[in-house]
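Engineer: Protein chains in written order, with the UniProt record's numbering: chain A, 1 to 185; chain B, 1 to 185.
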DNA sequence: GCGATCATGTAATCGGTTACATGATTAT
DNA sequence: ATAATCATGTAACCGATTACATGATCGC
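(1) Does the Cβ-Cβ distance between residue 21 (chain A) and residue 105 (chain B) come in under 9 Å?
(2) Given residue 132 (chain B), which residues of its chain have a CB within under 7 Å of its CB, disregarding the five upstream and five downstream residues?
(3) Going by other Cβ atoms of all chains shown within 10 Å of its Cβ, with 16 needed for buried, is residue 143 (chain A) buried or exposed?
(4) Could you check the C-alpha separation between residue 88 (chain B) and residue 60 (chain B) for me, to the nearest Å?
(5) Going along chain A, which residues have a C-beta under 9 Å from residue 54 (chain B)?
(6) When you compare the CB of residue 16 (chain A) with every CB in chain B, is at least one pair closer than 9 Å?
(7) Going straight from the alpha carbon of residue 93 (chain B) to that of residue 62 (chain B), what length do you get?
(8) Over what stretch of residues does the beta strand (DSSP E) that includes residue 53 (chain B) continue unbroken?
(9) State yes or no: is the beta carbon of residue 138 (chain A) nearer than 9 Å to at least one beta carbon in chain B?
(10) Residue 47 (chain A): buried (16+ other C-beta within 10 angstroms of its C-beta) or exposed?
(11) Is the separation between the beta-carbon of residue 159 (chain B) and that of residue 174 (chain A) shorter than 9 Å?
(12) Is residue 71 (chain A) helix, strand or coil by DSSP?
(13) Can you find at least 3 beta carbon pairs, one from the region 63-72 of chain B and one from the region 11-19 of chain B, that sit closer than 8 Å?
(14) Alpha carbon to alpha carbon, how far is residue 86 (chain B) from residue 49 (chain A)?
(15) Could you check if residue 109 (chain A) belongs to the surroundings of the ligand NAD, using beta carbon to heavy atom distance under 8 Å?
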């Protein structure tokens, strides 16, 4: 399981509340690991009672108070241990591919709209990643020399960009194939 | 949930036993949807009792008898309904990316071996996909004209090939970054 | 007033993983 | 003998998803 570790990494990058973590899982960390606030609160509670993280009540005016979590010594140890364990390359779960193969027993043309929708979403996501890259790493407002953490965040983001570009090109291949099957059956 | 639907697609492509399905989930369908035999037997039992699939006991000599499943009319309907529902583009779960960002709080060089291992595995997987493509779609023993089902299987396989190539290139980027951080900190 | 944002949770369900279990046949 | 392959399951656990739930403040 890696949600624990994803949260530890995020809290090491910057301490924060459950709510703030949930927001980060909609961007940044969320580009390669998803989690909802329900999951996050549950894991935070468990990690706190196990002594992996510390809490600090932060009173706020004009906003509800929040609990700011930060990584405790034990959490750092647990993360370091996990970092040294080998993991298996992920097994892919690609629902759209199941649909594409299923289209052989339905109308392939009926899938075109759906594939176009996915193409659109991935194009948006790519634009979003590229904007983030310009803002944080390659643009005029980015730091001139990146530290280790920033270099690593950048290489992960480059992975996301490469993934979106590959996916967009493949979806275009899928669309061409579906159209060909529709026009000359 | 799509395991149901992945099994229906696979059974439409060719009826078979739980064991045979489990084998297909190690190749073919398994390239984009994973499942273990335990899962498969459970789902087959449920789909049978719901009338989505039919069973036929096949006695075999010199091998244990098997149950051959095929898709019933109801199963085809259920699949067709699912094919017409929109789905959301998958949220990525990339454990290695969590590790890479975590390496900022550990020794980045310690990750090099692990990334090399992943690079090796993805290179093997790519070779395996390419061999399958030559065998079934582009080689001299492949059919000259592909039918709709084969065209769709091919475009899905091309997606797997594109994914592996992209991943291999990215892992090389990661390695170069980790080495740079190691030599000039 | 009302919707959006900030902030934190509980409960039910479900799908996936891991471990356990059995038993026949074929090839070395 | 024994390891590998064929063949089918049960049980426990755990993580993820979905639905439900509360309550404050800010801007329109």
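Where is the CB? At the ideal position from N, CA and C, for every residue including glycine.
Structural biologist: Looking at the atomic coordinates:
(1) no
(2) 157
(3) exposed
(4) 43 Å
(5) Chain A residues near residue 54 (chain B): none, gap ~16 Å exceeds 9 Å.
(6) no
(7) 44 Å
(8) 53-58
(9) no
(10) buried
(11) yes
(12) strand
(13) yes
(14) 41 Å
(15) Ligands in the displayed structure: none, and consequently the ligand NAD is not present.
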